[in-house]
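Participant: What the sequence shown shows, in our numbering, is residues 270 to 572, in sequence order.
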Amino acid sequence: MLPALVIHGGAGDVDEKRALAKLKGVQIAAREGWKLLNQSGGSALDAVEAAVRVMEDDENFNAGTGSVLNLDGDVEMDALIMEGHKLNAGAVAAMRDVKNAVSVARLVMEKSEHILIVGQGANRFAEAHGVPRLEPGALITDYEINCLEDVKNKRKGNAPGVGTVGAVAVDKEGRVAVALSTGGTCGKTPGRVGDTPLLGCGGYCDEAVGAVASTGHGESITKACLASTIFNLMKQGVPVQDAAEQSCEFLTARTGGTAGAIAVSKDGHLAVAHTTDKMSWATVSNGELRAGVKWGEEVVEKI
Ligand code: ASP
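Laid out in structure tokens, this is it:
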């Protein structure tokens, strides 16, 4: 069963054209992550970071380039990375003008004594560790400018705030990791921080159990502590797919919001679940890459 990788490209409504682009995007990210995971000595941590970076660089996802815009029309990103051996984690929030927020989160984990650094402090930390600062506006796409206009005018146009990215993995040695990156929600108040960089909400992992990543309405995910709710069910021995489905349903029943999640158990069992209409996802295990934009509908390739 080992190694195994699951990724998501965000939960929520998307039109057919964008859904196809996301399907292609999660497949590319899954192949990239798998390359690192399946090589000798491949680490779950390197694989989840690599998969997330690919999606941050793909403007069809709400992370890095192509992130949604806040009310002022600016990109502010949240990201998290965690490893399940020592429970080390790093995160950034409301950070601007950096190509790969997930890699800054990894620097926070590896080069600081903190877990979460926000706003200007996150940008200063990134620059101090050699991460180049982009020109203001470099991450903004026309699609997201239109989305923000739609949200401001309350028009139903491009689906807003969809496409946060995440990855969970277990490697050949049984090490687990999770990584997430997002622009948050379209039209958010500047300075708003969602679930993504928060341990137990956006993601969580422990090699004794497995790894979990969430996506969807951040305030609802935070109220339901979605990642930790799934994780605790897994810890009690609930099969991973049931744990993810039950927890997403609990979130929707209890908060009225919608969400999705991916998970992998320490022995390589995988889960994909969502209460949104769609969620792009990909799994790789046992020589097969499966991907879809809805759980239950999939394309399969040998890998
Ligand atoms: N959970 C993210 C947030 O609320 C958005 C998403 O997953 O689409 O910031």
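Glycine included, C-beta positions come from ideal geometry on N, C-alpha and C.
(1) At a threshold of 7 angstroms, does H486 count as lining the ligand ASP (C-beta to nearest heavy atom)?
(2) Quick one: is P466 buried, meaning 16 or more other Cβ sit within 10 Å of its Cβ, or exposed?
(3) If I'm right that A438 touches V445 with Cβ under 8 angstroms, what's the distance once you round it to whole angstroms?
(4) Based on DSSP bridge pairs, tell me the residues matched to S483.
(5) Which residues bound the alpha helix (DSSP H) around T521?
(6) Over the uninterrupted alpha helix (DSSP H) stretch that includes D347, give me the two end residues.
(7) What three-state label does DSSP hand D341 in the structure shown?
(8) Considering only heavy atoms of the ligand ASP, does any lie closer than 7 angstroms to the CB of T454?
(9) Taking 7 angstroms as the cut-off, does the CB of N331 come closer than this to any heavy atom belonging to the ligand ASP?
(10) Does the distance between the C-beta of D464 and the nearest non-hydrogen atom of the ligand ASP fall short of 7 angstroms?
(11) Can the beta-carbon of G279 be found closer than 8 angstroms to that of T484?
(12) For E442 and M378, I'd like the C-alpha separation in whole angstroms.
(13) Can the beta-carbon of S534 be found less than 8 angstroms from the beta-carbon of V553?
(14) With three or more beta-carbon pairs closer than 8 angstroms as the criterion, would you say the stretch 491-498 touches the stretch 367-377?
Facilitator: Checking against the coordinates, here is how it stands:
(1) For the purposes of this step, residue 486 is taken as residue 217 along the sequence shown, with counting starting at 1. Yes, the beta carbon of H486 sits closer than 7 angstroms to at least one heavy atom of the ligand ASP.
(2) As a working mapping, residue 466 is identified with position 197 in the sequence shown. P466 comes out buried.
(3) The count along the sequence shown starts at 1 and reaches residue 438 at position 169. The count along the sequence shown starts at 1 and reaches residue 445 at position 176. Contact holds; Cβ gap of about 7 angstroms.
(4) Taking the sequence shown and counting its residues from 1, the one referred to as residue 483 is at position 214. Note: S483 sits in a beta bridge opposite A530.
(5) Numbered from 1 along the sequence shown, position 252 holds the residue referred to as residue 521. Start and end: V509 to T524.
(6) Here residue 347 is taken as the residue at index 78 of the sequence shown, counted from 1. Where D347 is concerned, there is no enclosing alpha helix (DSSP H), although the beta strand (DSSP E) it sits in stretches over M346 to E352.
(7) In the sequence shown, counting from the first residue as 1, residue 341 sits at position 72. Note: D341 maps to coil in three-state DSSP.
(8) Stepping through the sequence shown from its first residue, residue 454 is reached at position 185. Result yes, Cβ under 7 angstroms from the ligand ASP.
(9) For the purposes of this step, residue 331 is taken as the residue at position 62 of the sequence shown. Correct: N331 has its Cβ closer than 7 angstroms to the ligand ASP.
(10) In the sequence shown, the residue the question calls residue 464 occupies position 195. Result yes, Cβ under 7 angstroms from the ligand ASP.
(11) For the purposes of this step, residue 279 is taken as the residue at position 10 of the sequence shown. For the purposes of this step, residue 484 is taken as the residue at position 215 of the sequence shown. In contact: G279 and T484 (Cβ atoms closer than 8 angstroms).
(12) Residue numbering aside, residue 442 sits at position 173 when the sequence shown is read from its first letter. Residue numbering aside, residue 378 sits at position 109 when the sequence shown is read from its first letter. In a straight line, the C-alpha of E442 is about 21 angstroms away from that of M378.
(13) The count along the sequence shown starts at 1 and reaches residue 534 at position 265. The count along the sequence shown starts at 1 and reaches residue 553 at position 284. No; because the gap between Cβ atoms is not below 8 angstroms, this pair is not in contact.
(14) no
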